[in-house]
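Novice: The following block contains the structure, expressed as structure tokens.
In our numbering, the protein residues as written are 12 to 297.
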């Protein structure tokens with residue numbers, strides 16, 4: 012199988028390239044391919060002729076999207092539409108990675124694949140538009156919704172918390188709940204997904220649920236850190252975009268693809284970080 016990855020320089024794009032398999036990989040970063048340019052997308056798909064295209068490119072700055080709506084829609088909706096058009100014309104399958112932020116969080120039960128989306132931010136709206144465009148433009152599509160991604164590469168919440176280890180205390184939100192997902196676990200799940208013919212929406216996220224507070228407490232324990240974690244409500248932080256208070260993901264698809272629990276993911280992340288502490292020095296979120 013020949014697999015083309017867009018957004019290959021991001022944390023998920025890098026992880027997808029490391030999944031053990033016999034597939035041929037074509038990895039394109041944003042400097043290699045502007046997915047918002049349809050002509051360029053068509054040329055690259057025709058040039059590489061993939062069997063499967065995995066789109067890991069996205070506009071992920073949730074707060075900035077509120078003031079840069081056009082930029083968010085270009086990358087999160089127009090880009091995926093272009094990829095879907097080009098792969099449909101070529102006869103290829105597309106995997107589009109989406110988010111728990113397509114939901115409003117106004118519930119206390121996990122969201123499954125048939126739950127009704129209701130985004131409450133420009134970012135969430137742009138991601139839902141991307142899902143809809145992909146589904147409309149390529150019938151052989153997988154939409155992989157995930158949540159709270161983190162890994163040893165790139166910018167993410169656990170790495171930010173670790174960078175604050177010198178402080179006596181850190182304040183962390185305790186009233187927002189989601190499904191923390193270790194990037195290599197997601198990459199492995201996507202590799203399994205593309206071997207099936209169960210097209211449509213799939214929820215691929217770490218098992219169970221956690222708050223940012225409980226995630227941080229467990230993270231610090233793994234590293235033997237004595238920094239106190241102070242629980243605070245989300246209202247303590249002035250953020251431009253609204254976040255869902257509860258966006259835990261579950262799956263009702265058959266056959267289902269289940270990721271390890273978020274606790275197992277965090278344990279693996281901690282072990283990997285301890286083996287490669289130099290990764291903390293680069294690309295830590297501010």
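The C-beta atom is built at its ideal place from N, Cα and C for all residues, glycine as well.
Would residue 26 and residue 158 qualify as a contact pair, given that the criterion is a beta-carbon distance under 9 Å?
Specialist: If you number the chain shown from 1, residue 26 lands on position 15. If you number the chain shown from 1, residue 158 lands on position 147. Not a contact, by the Cβ cut-off of 9 Å.
Novice: What first and last residue would you give for the alpha helix (DSSP H) that runs through residue 93?
Specialist: Numbered from its first residue, the chain shown carries residue 93 at position 82. Unbroken alpha helix (DSSP H) run through residue 93: 90-101.
Novice: Starting from residue 239, trace the beta strand (DSSP E) in both directions and tell me its first and last residue.
Specialist: By 1-based counting over the chain shown, the position of residue 239 is 228. From DSSP, the beta strand (DSSP E) with residue 239 extends over 239-243.
Novice: Starting from residue 156, follow the beta strand (DSSP E) in both directions and report where the run begins and ends.
Specialist: For the purposes of this step, residue 156 is taken as residue 145 along the chain shown, with counting starting at 1. Taken as a continuous stretch (DSSP letters only), the beta strand (DSSP E) holding residue 156 covers 152-157.
Novice: Between 204, 209, 225, which has its C-alpha nearest residue 188's C-alpha?
Specialist: As a working mapping, residue 188 is identified with position 177 in the chain shown. The option with the nearest alpha carbon to residue 188 is 225.
Novice: Of the choices 133, 99, 42, whose alpha-carbon is the least far from that of residue 81?
Specialist: Walking along the chain shown from the start, residue 81 turns up at place 70. Residue 133 is the option with its Cα nearest to residue 81.
Novice: Buried or exposed: residue 18, going by 16 or more other Cβ atoms within 10 Å of its Cβ?
Specialist: Residue mapping note: residue 18 aligns to position 7 of the chain shown, counting from 1. With 16 or more other CB atoms across the displayed protein chains lying within 10 angstroms of its CB, residue 18 is buried.
Novice: Taking only three categories from DSSP, how would you classify residue 112?
Specialist: Mapped onto the chain shown, residue 112 falls at position 101. Three-state result, residue 112: helix.
Novice: Could you give the first and the last residue of the continuous beta strand (DSSP E) run that contains residue 182?
Specialist: Counting from 1 along the chain shown, the entry for residue 182 is found at position 171. Element bounds for residue 182: 180-184.
Novice: Residue 105 and residue 303 - do their beta-carbons sit closer together than 9 Å?
Specialist: Missing from the structure shown is residue 303; the chain here goes from 12 to 297 and no further.
Novice: Can you give me the C-alpha to C-alpha distance between residue 77 and residue 212, rounded to a whole angstrom?
Specialist: For the purposes of this step, residue 77 is taken as residue 66 along the chain shown, with counting starting at 1. For the purposes of this step, residue 212 is taken as residue 201 along the chain shown, with counting starting at 1. Residue 77 and residue 212: Cα-Cα distance of roughly 26 Å.
Novice: With DSSP as the reference, identify every bridge partner of residue 65, one or two as the case may be.
Specialist: Numbered from 1 along the chain shown, position 54 holds the residue referred to as residue 65. Bridge partners of residue 65: 16, 106.
Novice: Compare the Cα-Cα distances from residue 99 to each of 75, 144, 113 and report the closest residue.
Specialist: Translated into the one-based positions of the chain shown, residue 99 becomes position 88. Minimum Cα distance to residue 99 is reached at 144.
Novice: Residues in the same chain with beta-carbon distance under 7 Å from residue 131, minus the five sequence neighbours each way, listed in chain order, please.
Specialist: In the chain shown, the residue the question calls residue 131 occupies position 120. Contacts found: 115, 253, 255.
Novice: Taking the straight line between their C-alpha atoms, what separation do you get for residue 181 and residue 257?
Specialist: Residue mapping note: residue 181 aligns to position 170 of the chain shown, counting from 1. Residue mapping note: residue 257 aligns to position 246 of the chain shown, counting from 1. Distance between the alpha carbons of residue 181 and residue 257: 22 Å.
Novice: Under DSSP, the beta strand (DSSP E) around residue 212 begins and ends at which residues?
Specialist: The count along the chain shown starts at 1 and reaches residue 212 at position 201. Unbroken beta strand (DSSP E) run through residue 212: 211-214.
Novice: With DSSP as the reference, label residue 134 as helix, strand or coil.
Specialist: By one-based count along the chain shown, residue 134 stands at place 123. Residue state, collapsed to three classes: helix.
Novice: Determine, using beta carbons only, whether residue 49 and residue 93 come nearer to each other than 9 Å.
Specialist: Residue numbering aside, residue 49 sits at position 38 when the chain shown is read from its first letter. Residue numbering aside, residue 93 sits at position 82 when the chain shown is read from its first letter. The criterion of a C-beta distance shorter than 9 Å is satisfied by residue 49 and residue 93.
Novice: Can you tell me which of the three DSSP states residue 246 falls into?
Specialist: The count along the chain shown starts at 1 and reaches residue 246 at position 235. Three-state result, residue 246: helix.
Novice: Kindly list the residues whose CB is nearer than 7 Å to the CB of residue 260, restricted to its own chain and excluding five residues on each side of it in sequence; keep chain order.
Specialist: Counting from 1 along the chain shown, the entry for residue 260 is found at position 249. Answer for residue 260: 111, 121, 122, 156, 158, 190, 214, 216, listed in chain order.
Novice: In the DSSP assignment, the alpha helix (DSSP H) including residue 83 goes from what residue to what residue?
Specialist: Numbered from 1 along the chain shown, position 72 holds the residue referred to as residue 83. Its alpha helix (DSSP H) spans residues 80-84.
Novice: Roughly how far, in whole angstroms, is the beta-carbon of residue 108 from the beta-carbon of residue 147, given that I think they are within contact range, below 8 Å?
Specialist: The sequence position of residue 108 within the chain shown is 97, counting from 1. The sequence position of residue 147 within the chain shown is 136, counting from 1. Contact flag wrong, Cβ pair sits at about 17 Å.
Novice: Taking the C-alpha atoms as reference points, what is the distance between residue 51 and residue 44?
Specialist: Position 40 of the chain shown holds residue 51. Position 33 of the chain shown holds residue 44. Distance between the alpha carbons of residue 51 and residue 44 is about 7 Å.
Novice: When you compare only the Cα positions, how much space is there between residue 203 and residue 219?
Specialist: As a first step, residue 203 is located in the chain shown; it is residue number 192 there, counting from the start. As a first step, residue 219 is located in the chain shown; it is residue number 208 there, counting from the start. Cα to Cα, residue 203 sits roughly 20 Å from residue 219.
Novice: Quickly, what does DSSP pair residue 272 with across the bridge? List them, please.
Specialist: Here residue 272 corresponds to residue number 261 of the chain shown, with the count starting at 1. 218.
Novice: Determine the extent of the beta strand (DSSP E) in which residue 259 is found, giving its start and end residues.
Specialist: Position 248 of the chain shown, counted from the first residue, corresponds to residue 259. Counting along the chain, residue 259 falls outside any beta strand (DSSP E), and DSSP gives it neither H nor E.
Novice: Please return the same chain residues whose Cβ sits closer than 7 Å to the Cβ of residue 239, not counting the five positions on each side in sequence.
Specialist: Mapped onto the chain shown, residue 239 falls at position 228. Cβ neighbours of residue 239 within its own chain (closer than 7 Å, five residues either side excluded): 179, 180.
Novice: Can you give me the C-alpha to C-alpha distance between residue 245 and residue 223, rounded to a whole angstrom?
Specialist: By 1-based counting over the chain shown, the position of residue 245 is 234. By 1-based counting over the chain shown, the position of residue 223 is 212. Taking the straight line from one Cα to the other gives about 10 Å.
Novice: In the DSSP assignment, find the alpha helix (DSSP H) that holds residue 53 and state where it starts and stops.
Specialist: Working through the chain shown from its first residue, we reach residue 53 at position 42. Unbroken alpha helix (DSSP H) run through residue 53: 49-59.
Novice: Residues in its own chain within less than 7 Å of residue 279 by CB, not counting five upstream and five downstream?
Specialist: Counting from one through the chain shown, the residue named residue 279 turns up at place 268. Closer than 7 Å at the Cβ level, and outside the excluded window around residue 279, lie 193.
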